[in-house]
Amino acid sequence: MHRLSDSAANRWVFKATVYRSGSKGFVGYGDADPSNVSPLVRGAEMRVAETRAVNRALRKAYGIGLCSVEELSRSSSAPSPPENHARSNKPCASNGSNNGHPRLRDKLCLLIRKYELDPTLVKRCAADFCGTEALRDASRDLVEAFISTLADEVAKDRSALICKLNSYNQLAEVKS
């Protein structure tokens, strides 16, 4: 990584490894240079690169497919970056979608992170909502409806939603 970093030019690359119990580790790389960081953090490129590396490793370890919250929360009313603004992570720029909108999985992950929900319980609830054994077997329309319902429920009464999600944990224990 040292060969890729250039302190004189404020260009940094970091590697982070996250170990979950019983795993070989999940590796994430983070890069930062003046061309791919916000003007608000200029001069802190090393920290940005380090943070990106750790975040990417954590997302891999926990199966979260987000590029960054900034990309998901960017609205059409937000000012667009300058045309000459180069980005080193082009594949994530549209967040993996063809139409510039976040993928359903990323919307769901954002809700889980924002409201600190248990991802396993949310998945169980989603599969139940969609009437499928596994969430991956559900249609796009059903998953979209679930995400919309989840967003409404958590915004209205997070505590009630937590109780509902916890019931899926109890159901799983009974099945075991």
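Everything in the sequence shown is counted per my numbering, starting at 3 for the first residue and increasing by one. By construction, the Cβ of each residue, glycine as well, lies at the ideal position given by its N, Cα and C atoms. Model, not experiment: these values are computed from the prediction.
Look at the Cβ atom of residue i, then the Cβ atom of residue j, and state whether they are nearer than 8 Å.
i    : j    : result
F179 : A128 : Lying outside 3 to 178, the shown extent of the chain, residue 179 is not represented and no answer is given.
L113 : A140 : no
L123 : L167 : yes
L119 : E146 : no
A55  : R22  : no
G30  : A18  : yes
Y170 : R126 : yes
I66  : C111 : yes
What is the C-beta distance between residue i and residue j, in whole angstroms, given that I count them as a contact (C-beta under 8 Å)?
i   : j   : result
G32 : A51 : 5 Å
L6  : V15 : 4 Å
At which residues does the alpha helix (DSSP H) containing residue i begin and terminate?
i    : result
V145 : 142 to 158
K17  : Note, K17: premise wrong, no alpha helix (DSSP H); beta strand (DSSP E) at 14 to 20.
Which residues bound the beta strand (DSSP E) around residue i?
i    : result
Y117 : Y117 -> no beta strand (DSSP E), and no H or E assigned at all.
A55  : Element bounds for A55: not the beta strand (DSSP E) but the alpha helix (DSSP H), 47 to 64.
V1   : The structure shown has nothing for residue 1, since the chain only spans 3 to 178.
Sort out for me which residues DSSP pairs residue i with in a bridge.
i    : result
F28  : V20
D130 : Beta-bridge pairing links D130 to no other residue.
N8   : Reading off the sequence, residue 8 comes out as Asp, not Asn. The partner list for D8 (beta bridge, DSSP) reads R13.
D33  : V15
Is residue i close to the ligand COA? I mean its beta-carbon at under 7 Å from any heavy atom of the ligand.
i   : result
K26 : This structure simply doesn't include the ligand COA, nor any ligand for that matter.
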